[in-house]
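Those letters in the sequence shown? Residues 36 to 201, per our numbering, in order. In this text, a Cβ means the ideal position worked out from N, Cα and C, and glycines have one as well. Accompanying notes for the structure given below.
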Amino acid sequence: MSNIAIYPGTFDPITNGHGDIVARAARIFDHVIVAVAASTAKNTAFSTDERVDLAQRILGEHKNVEVRRFEGLLAHFVRDCGAKAVLRGLRAVSDFEYEFQLAGMNKRLVPEADTIFMPTTEHYSYISSSLIREIASLGGDVTEFVHPLVCEALNERLGKRAAHKK
Ligand code: ADP
36 MSNIAIYPGT FDPITNGHGD IVARAARIFD HVIVAVAAST AKNTAFSTDE RVDLAQRILG
96 EHKNVEVRRF EGLLAHFVRD CGAKAVLRGL RAVSDFEYEF QLAGMNKRLV PEADTIFMPT
156 TEHYSYISSS LIREIASLGG DVTEFVHPLV CEALNERLGK RAAHKK
C-alpha cells in the first residue's frame, strides 16, 4: 500500500517555501497530494483554478506529486484519499499554536491520519504568501521568493494595481 501524504493549504500563491516542503516530502512519501483549499475564509487574490494551475505547472517535475483542489472539510478529503499523513510546514514558533490546535482537531476527526510537521529551510523561513502579495502589490521585486510563473501572475494581477496607484 502506498504511503500518501496530503499537503493542504491556500497557496495564494505558491512560494519557494511551499516548493521546498513539497520537494522534501516527495523524497519521504510514495505520493504527495498538494491539496488546494477551494472554500477558504480568506479573500484570495487568485481563484482556486489559478492557484491549482500555478502549483501544477511549478510542481510538475515531481513524478509522485499531484495537485488537487478540495472543497469542505480537510478531514473528509484526507479520508477519501486514504492518506495516513497530513503535512504542514512550520516557519516560526508563532505558527505552532494554531498548527498544534489544527493537528489535534484533525486527529479527532480522522484518527487514522497523523499530522507531520516539517520545519522550513532556514532561508525560506520569512516567506509567506501574504507578504509576497503585499510586496508585489506595492511594486516590489519578488523574483527571489517565487517561481517565475508566479512572478508573472503576480505582476499581471497585482502589479497593475500598483501602477494605477502611481
Ligand atoms: P494556510 O492558509 O493553510 O496556512 P498556506 O498556503 O499559507 O495555507 O500554507 C500552507 C502550509 O505551508 C502551512 O503549513 C504553512 O505553515 C506552510 N508554509 C507556508 N510558507 C512556508 C515556508 N516559507 N516554509 C515552510 N512552510 C511554509
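Report task. From the DSSP output, read off the bridge partner residues of D149. Result -> A120
Query raised in the report: What are the partner residues of E191, as DSSP defines its beta bridges?
Result: Paired residues: none, contrary to the question.
Query raised in the report: When the Cα of D130 is compared with those of H158, N141, R114, S163, which residue comes out closest?
Result: S163
Report task. Whole angstroms is fine: what's the gap from L184's alpha carbon to E106's? Result -> 25 angstroms
Query raised in the report: Excluding the five sequence neighbours on either side, which residues of its own chain have a C-beta within less than 7 angstroms of the C-beta of A198, listed in chain order?
Result: In this prediction, A198 scores a pLDDT of 49, lower than 50, which makes its location untrustworthy; the coordinate-derived value is nonetheless stated afterwards. Answer for A198: no residue qualifies.
Query raised in the report: Which of the three DSSP states, helix, strand or coil, is assigned to G174?
Result: coil
Query - Buried versus exposed call for A60 [16 or more other C-beta atoms within 10 Å across all chains shown] - result: buried
**Report entry** Assigned exposure category for A80 - 16 Cβ within 10 Å defines buried
**Finding:** buried
Query raised in the report: Taking three-plus beta-carbon pairs below 8 angstroms as touching, is the region 130 to 146 in contact with the region 107 to 119?
Result: yes
Query raised in the report: For I49, which of helix, strand or coil comes out of DSSP?
Result: coil
Query - Residues bridged to L108 [DSSP beta-bridge criterion] - result: Its beta-bridge partners do not exist; DSSP assigns none.
Requested in this report: Give the C-beta separation of A58 and R103 to the nearest angstrom, bearing in mind that I take them to be a contact with Cβ-Cβ under 8 angstroms.
Outcome: Not really, about 18 angstroms apart at Cβ, beyond 8 angstroms.
Report task. Taking only heavy atoms of the ligand ADP into account, decide whether any of them is closer than 7 angstroms to the Cβ of T150. Result -> no
Query raised in the report: From the beta carbon of S82, is the nearest beta carbon of chain D less than 8 angstroms away?
Result: As a matter of chain content, chain D is missing from the structure shown, which is built from one protein chain.
Query raised in the report: Looking at C-alpha atoms only, which residue of G95, V121, T50 is the closest neighbour of E179?
Result: T50
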